[in-house]
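Structure, as structure tokens:
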Amino acid sequence: MMERESMEFDVVIVGAGPAGLAAACRLMQISKDSGKEISVCVVEKGSEVGAHILSGAVFEPSVLEELFGDWKELGAPLHTQVTEDEIYLLKSAEDGKHLPNSLVPKTMHNHGNYIISVGNLCRWMAEQAEGLGVEIFPGFAASELLLNEDGSVKGILIGDMGIGADGQPKDSYMPGMELHAKYTVFAEGCRGHLGKQLIEKFHLDNGKTPQHYGIGFKEIWKIPAEQHQQGKVVHSGGWPLQEGASGGGFLYHMEDNQVAVGLIIDLNYKNPHLSPFDEFQRYKTHPVIAKTLSGGERLSYGARAITKGGLNSLPKMSFPGGLVIGCDAGTLNFAKIKGTHTAIKSGMLAAETLAEGLIAGVEGGKDLDCFQERLEQSWLFDELYRSRNFGPAMHKFGTFMGGAFNYIDQNWFGGKFPVTLRDEHPDYAQMGEASAYSKIDYPKPDGKLSFDKLSSVYLSNTFHEEDQPCHLRLKDANIPIAVNLVKYDEPAQRYCPAGVYEVVEDEGQPKFVINSQNCIHCKTCDIKDPSQNITWVTPEGGGGPNYPNM
Numbered sequence: 001m002m003e004r005e006s007m008e009f010d011v012v013i014v015g016a017g018p019a020g021l022a023a024a025c026r027l028m029q030i031s032k033d034s035g036k037e038i039s040v041c042v043v044e045k046g047s048e049v050g051a052h053i054l055s056g057a058v059f060e061p062s063v064l065e066e067l068f069g070d071w072k073e074l075g076a077p078l079h080t081q082v083t084e085d086e087i088y089l090l091k092s093a094e095d096g097k098h099l100p101n102s103l104v105p106k107t108m109h110n111h112g113n114y115i116i117s118v119g120n121l122c123r124w125m126a127e128q129a130e131g132l133g134v135e136i137f138p139g140f141a142a143s144e145l146l147l148n149e150d151g152s153v154k155g156i157l158i159g160d161m162g163i164g165a166d167g168q169p170k171d172s173y174m175p176g177m178e179l180h181a182k183y184t185v186f187a188e189g190c191r192g193h194l195g196k197q198l199i200e201k202f203h204l205d206n207g208k209t210p211q212h213y214g215i216g217f218k219e220i221w222k223i224p225a226e227q228h229q230q231g232k233v234v235h236s237g238g239w240p241l242q243e244g245a246s247g248g249g250f251l252y253h254m255e256d257n258q259v260a261v262g263l264i265i266d267l268n269y270k271n272p273h274l275s276p277f278d279e280f281q282r283y284k285t286h287p288v289i290a291k292t293l294s295g296g297e298r299l300s301y302g303a304r305a306i307t308k309g310g311l312n313s314l315p316k317m318s319f320p321g322g323l324v325i326g327c328d329a330g331t332l333n334f335a336k337i338k339g340t341h342t343a344i345k346s347g348m349l350a351a352e353t354l355a356e357g358l359i360a361g362v363e364g365g366k367d368l369d370c371f372q373e374r375l376e377q378s379w380l381f382d383e384l385y386r387s388r389n390f391g392p393a394m395h396k397f398g399t400f401m402g403g404a405f406n407y408i409d410q411n412w413f414g415g416k417f418p419v420t421l422r423d424e425h426p427d428y429a430q431m432g433e434a435s436a437y438s439k440i441d442y443p444k445p446d447g448k449l450s451f452d453k454l455s456s457v458y459l460s461n462t463f464h465e466e467d468q469p470c471h472l473r474l475k476d477a478n479i480p481i482a483v484n485l486v487k488y489d490e491p492a493q494r495y496c497p498a499g500v501y502e503v504v505e506d507e508g509q510p511k512f513v514i515n516s517q518n519c520i521h522c523k524t525c526d527i528k529d530p531s532q533n534i535t536w537v538t539p540e541g542g543g544g545p546n547y548p549n550m
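At position 286 of the sequence shown (counting the first as 1) the number is 286 in the UniProt record's numbering, and the numbers step up by one without a gap.
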């Protein structure tokens, strides 16, 4: 076995998102306050901190007050406070009804919140972390778990660089480095590939309902000044999602005459002919949305899966040798459609647990199961408990009746309705066979409000070194054609928001093609493939999208 260089830290954190950076900052704050030196390293697969961060986003600032009481003086990028909330029920392609706030679940009210770029928030948090003494390594992908002899987590392996598609080293080859830690924290975001392995290895999801997901699309537009209302927040439900598909849209008015527009589609949809990307393109043509976007310029595009199972699906977050936090575990509050404040809080709780153990001299590799008690005593747990029924209600009863249930649960019972709803069916298992559903006739993009996939991927600034092993692994190369094409008309052609998967004719026979260089790291294929045949692993560090201001 190859000898690799290694580095030792007290704590290694995988992922420079809100959860990972909050954990790093809080650890160093406690280190300085206690006089106990704690070495912390953050590894980020994106080319820079924030490059892979995509979120709506409306942000609750109270958690930032907990982490940095002087966040305003430190220049945190919170510039646009919410001034107005609007909720619409879109009944058809032309009809939309404005709902009075009195009929909206109170979790959807955003008074006191800010419209932000979470990518820019993470860039700022990284500056604070480095100022506190954290080492941050962007452009390096954590590719494998390292284990101690007793099976506990020892750290991570940084993936090799310069491996060709044939698996052989190129002239540019650089072997990956081992990062060893007393404790390793996994904060990779939704469907993190190491977090997924940890949950399975340590059976962290025993007794929980299956995790549930959505795919979220986002574009940033520059619009005419007369159509812009800085601070306005618009949410919608209904059209274009039909035949049991559910989700909702958003339109956030930021500064500089820019708006963020997006659509979240639950990945439990049944019709294999549904194309989430094309549903998003249709969404922008609805008069409620088009009146804001018309005459504007699309500046950026991205898509990302969202972990939305909530408390019912939240795994045990500690294991021997570390913790899994944030959206890697599933701390998003779907009733609020917000996960940044909860991710930050989970990182702070992780740091406080780790620091307590390190300061007390607890031996590395142990299961810090005391984290669970700390979690259950926090406002984070209370918030997730109060929102536990939101997703299952929408899944069981649909947009209209599910919305009515959630209004009663949230506004009348404060999220403590004396019944807990559960959704026991994995999202991938919900897909029906192609023969049972009609194909959807999506209109051609007009180049003004709606666009094609390739021009959209171009705006995501996605880049991968082409001569490298494919990071989208098939367990069985025959399944896409022999099973998925026959039963489901191979839905990977449609659920992927970046045109990665194609079925082409090759000498008169269908052939499955993977254009991995297009991948924007959304993880939808890993989640939604009905045969669970696709596994997303990290490509070379630095590859993928490079999102500005997302």
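Virtual Cβ for every residue (Gly too), placed ideally from N, Cα, C.
Candidates the options: closest to residue i by CA position
i, options, result
"Thr107", "Trp124, His521, Glu226, Gly415", "Gly415"
"Pro392", "His425, Ser378, Gly248", "His425"
"Lys154", "Val185, Ala129, Gly164", "Val185"
"Glu3", "Ala225, Arg388, Gly176", "Gly176"
"Ile156", "Ile534, His273, Phe9", "Phe9"
"Ala329", "Phe512, Trp239, Asn389, Gly339", "Gly339"
"Ser456", "Asp171, Tyr547, His286", "Tyr547"
Beta-carbon proximity check, residue i vs residue j, cutoff 7 angstroms
i, j, result
"Met125", "Gly302", "no"
"Arg26", "Met348", "yes"
"Thr331", "Ser346", "yes"
"Lys284", "Leu449", "yes"
"Met161", "Glu540", "yes"
"Gly159", "Thr538", "yes"
"Ile215", "Leu267", "yes"
"Gly542", "His52", "no"
"Ala23", "Ala351", "yes"
"His235", "Phe250", "yes"
"Pro169", "Val49", "no"
"Thr399", "Gln230", "no"
"Leu459", "Ser294", "no"
Identified DSSP bridge partners for residue i
i, result
"Pro169", "Ile163"
"Gly7", "In the sequence as displayed, the identity of residue 7 is Met instead of Gly. The partner list for Met7 (beta bridge, DSSP) reads Leu179."
"Met125", "Beta-bridge pairing links Met125 to no other residue."
"Ser275", "Ser275 is not bridged to any residue."
"Leu261", "Reading the sequence as shown, one finds Val at residue 261 and not Leu. Note: Val261 sits in a beta bridge opposite Glu219, Leu251."
"Val513", "Glu502"
"Met174", "Met161"
"Gly544", "Phe463"
"Glu37", "Glu37 is not bridged to any residue."
Separation of residue j from residue i, as counted between CA atoms
i, j, result
"Lys45", "Phe417", "41 angstroms"
"Ala245", "Tyr428", "13 angstroms"
"Ala305", "Cys525", "10 angstroms"
"Ser92", "Pro276", "17 angstroms"
"Val104", "Ile87", "8 angstroms"
"Lys208", "Lys182", "28 angstroms"
"Ser143", "Glu226", "48 angstroms"
"Asn101", "Ile115", "19 angstroms"
"Ala355", "Ser313", "27 angstroms"
"Gly96", "Pro240", "11 angstroms"
"Cys41", "Lys291", "47 angstroms"
"Ala187", "Gln197", "13 angstroms"
"Asn484", "Gly499", "17 angstroms"
"Met1", "Ser152", "Here Met1 scores only 46 on pLDDT, less than 50, and its place in the model is too uncertain to base an answer on."
"His334", "Lys439", "In the sequence on display, residue 334 carries Phe and not His. So the two alpha carbons sit approximately 30 angstroms from each other."
"Val486", "Tyr501", "16 angstroms"
"Val82", "Ser435", "46 angstroms"
"Asp423", "His395", "7 angstroms"
"Ser6", "Val14", "16 angstroms"
"Leu64", "Gln377", "19 angstroms"
Residue i - DSSP class collapsed to helix/strand/coil
i, result
"Asn333", "strand"
"Gly433", "For the sequence presented, residue 433 should be read as Glu rather than Gly. Here Glu433 sits in coil by DSSP."
"Ser143", "strand"
"Ile289", "helix"
"Thr209", "coil"
"Thr184", "strand"
"Pro323", "For the record, residue 323 in the displayed sequence is Leu; it is not Pro. Three-state DSSP puts Leu323 in a strand."
"Met317", "coil"
"Phe400", "helix"
"Ile534", "strand"
"Leu368", "coil"
"Thr107", "helix"
"Gly357", "helix"
"Leu74", "coil"
Any non-hydrogen atom of the ligand ATP within 6 angstroms of residue i CB
i, result
"Trp124", "With respect to the ligand ATP, the structure offers nothing, as it holds no ligand at all."
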